[in-house]
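Student: The structure under discussion is supplied below as structure tokens; questions concerning it will follow.
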Ligand SMILES: Cc1ncc(COP(=O)(O)O)c(C=O)c1O
């Protein structure tokens, strides 16, 4: 049996008629960049997240970049973030002229260790950029306390966490669940095809509760001005979401909660099937509602396991093999191996297994059986 890490065609087939109609309608409308579908999607995503505004942009990377710029982050500023993330989280900090400052991760959630953040704050710290990695929310209740205490901005990288929720009250009797992205000063989503809500190409969105930030984002995504009048007040970018993506995403948004539940069911089944083997399954903290954009387990035998699964036709991926502080692109920051041990250990031990709403359960049983066989063989 061959089981790919992802099967995007499988999802398309389940909603093919609706997608084809949405695409045809856009093609026939003659409006291809920004337009009614982008506007409607912005409103729908803002409502979904419980945020006041949403601004569609060309990618998740641009959502982050433009958010930093809209919040006035630049030269001389420090932005605290995690070294265990996709490079885009960090590259945008550098590209706006600020300096990324890393804080190690929590081994359980793979997220930035919020308890270690205060040690990294200096007089130049302007913002914290937490990443809700794999779909597990960062402890935003704790982070909001730090924000208030030090008057620091928060830009959430929610690229992998569309639909994830965080309890902001920490009081079990009075939970206050809030969608990630809508909690900080700005929240950034990626519509890269593999995400919980993925388009048929690149796309991204920022959600915010600040009218001011929303207005600046709208300017920044369209060259800094009013393009129909050819008048520009600021330096901007070409980072617009297109109508085809928005129309496809609007169809998919209707299904996203159902798909998230199917992801959760599949994650629970994996967890159950792995209960008697030496594999660390993903945790889900009591303050978090995980959406399992990625299902990542941990084992010191990771490389051997991956090779074995490959020969058995099972697709896996390593998110991420190298922490950002040890990337050659960041050698100028002079971080050394050993600087962030939890992130470095994660990079050596993590392996992500197939997870998507359409993944048949018998395939999960099959994968678990193979993994059990692997560990049986290793223990002999
Ligand atoms: C954590 C994280 N941040 C940012 C991004 C960038 O998003 P995009 O690929 O849409 O630019 C991604 C996408 O893979 C991501 O996983």
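Numbering (the working numbering), first residue to last: 370 to 749.
A virtual CB, placed ideally from N, CA and C, is assigned to each residue, including glycine.
(1) Cβ-heavy atom distance between residue 533 and ligand 1 below 8 angstroms?
(2) So who's on the other strand from residue 496, going by DSSP bridges?
(3) State buried or exposed for residue 478, treating a residue as buried only when at least 16 other CB atoms are found within 10 Å of its CB.
(4) On the premise that residue 521 lies in contact with residue 495, defined as a C-beta separation below 8 angstroms, what is that separation, rounded to the nearest angstrom?
(5) Any chance the region 381 to 396 sits against the region 604 to 621, with 3 or more Cβ pairs inside 8 angstroms?
(6) Which runs of the beta strand (DSSP E) fall wholly inside the region 424 to 491 and span at least 3 residues, in chain order?
(7) Between the alpha carbons of residue 683 and residue 382, how many angstroms are there, rounded?
(8) Can you list, in chain order, the stretches of the beta strand (DSSP E) that have 3 or more residues and sit fully within the region 683 to 723?
(9) Tell me the DSSP secondary structure of residue 559 in three-state form.
(10) Considering residue 664, what are the terminal residues of the beta strand (DSSP E) in which it resides?
(11) Would residue 507 and residue 549 be called neighbours here (beta carbons separated by less than 9 angstroms)?
(12) Does the distance from the CB of residue 734 to the CB of residue 674 come in under 9 angstroms?
(13) Across the region 413 to 427 and the region 568 to 581, are there enough close Cβ pairs to call them in contact, namely three or more that are closer than 8 angstroms?
(14) Who pairs with residue 611 in a beta bridge, going by DSSP?
(15) Nearest-angstrom Cα distance between residue 613 and residue 428?
(16) Alpha carbons only, please: which of 740, 637 and 609 is nearest the one belonging to residue 408?
(17) Along the chain, where does the beta strand (DSSP E) containing residue 660 start, and where does it finish?
(18) Quick check on residue 498: buried or exposed, where buried means 16 or more other Cβ atoms within 10 Å of its Cβ?
(19) Measuring only from the beta carbon, is residue 502 closer than 8 angstroms to any heavy atom that is part of ligand 1?
(20) Assuming residue 504 contacts residue 662 under a Cβ cut-off of 8 angstroms, what Cβ separation, rounded to an integer in Å, is found between them?
(21) Are the CB atoms of residue 688 and residue 455 within a distance shorter than 9 angstroms?
(22) Going straight from the alpha carbon of residue 727 to that of residue 371, what length do you get?
(23) Nearer than 8 angstroms: is that true of the beta carbon of residue 557 relative to any heavy atom of ligand 1?
(24) Taking 8 angstroms as the line, does the beta carbon of residue 660 fall inside it for any heavy atom of ligand 1?
(25) Buried or exposed for residue 671, please, with buried defined as at least 16 other CB atoms from any protein chain shown within 10 angstroms of its CB.
(26) Compute every distance between the C-beta of residue 463 and the non-hydrogen atoms of ligand 1, then say whether any falls below 8 angstroms.
(27) Measuring CB to CB, does residue 720 end up less than 9 angstroms from residue 665?
(28) Measure the Cβ-Cβ separation of residue 328 and residue 436 and say whether it is below 9 angstroms.
(29) Can you tell me where the beta strand (DSSP E) holding residue 536 begins and where it ends?
(30) Taking 8 angstroms as the limit between beta carbons, can you name the residues of its chain near residue 538, skipping five residues before and five after?
(31) Quick one: Cα of residue 623 to Cα of residue 679, how far?
(32) Just verifying my parser: in three-state terms, what is the DSSP assignment at residue 602?
(33) For residue 712 and residue 452, which I take to be in contact (beta-carbon distance under 8 angstroms), what is that distance rounded to the nearest angstrom?
(34) Could you tell me how far apart the beta carbons of residue 461 and residue 480 are, in whole angstroms, since I believe they sit closer than 8 angstroms?
(35) Looking at ligand 1, does it come within less than 8 angstroms of residue 526, judged from the CB to the closest heavy atom?
(36) Considering only residues of the same chain and omitting the five flanking positions on each side of residue 656, which have a CB-CB separation below 7 angstroms?
Tutor: With the given structure in hand:
(1) no
(2) 448 and 522
(3) buried
(4) 7 angstroms
(5) yes
(6) DSSP runs (the beta strand (DSSP E)) wholly in the region 424 to 491: 447 to 450 and 468 to 471.
(7) Answer to the nearest angstrom: the Cα atoms are 22 angstroms apart.
(8) 719 to 722
(9) strand
(10) 664 to 667
(11) Closer than 9 angstroms, so yes.
(12) no
(13) yes
(14) DSSP lists 402 as partners of residue 611.
(15) Spanning the two alpha carbons is a distance of roughly 14 angstroms.
(16) 609
(17) From DSSP, residue 660 is part of no beta strand (DSSP E); its letter is neither H nor E.
(18) buried
(19) yes
(20) Taking a contact as a CB-CB distance under 8 angstroms, the pair residue 504 and residue 662 counts as one, their CB atoms being some 4 angstroms apart.
(21) yes
(22) 15 angstroms
(23) yes
(24) no
(25) buried
(26) No; taking the cut-off as 8 angstroms, the Cβ of residue 463 has no heavy atom of ligand 1 nearer than that.
(27) yes
(28) For the chain, the structure presents residues 370 to 749; residue 328 sits outside this window and is missing.
(29) 534 to 536
(30) 510, 544 and 545
(31) 35 angstroms
(32) DSSP places residue 602 in coil when its eight states are reduced to three.
(33) 5 angstroms
(34) In fact, because the Cβ distance is near 19 angstroms, the residues do not count as touching under 8 angstroms.
(35) Yes, the beta carbon of residue 526 sits closer than 8 angstroms to at least one heavy atom of ligand 1.
(36) 508, 510, 535, 536 and 539
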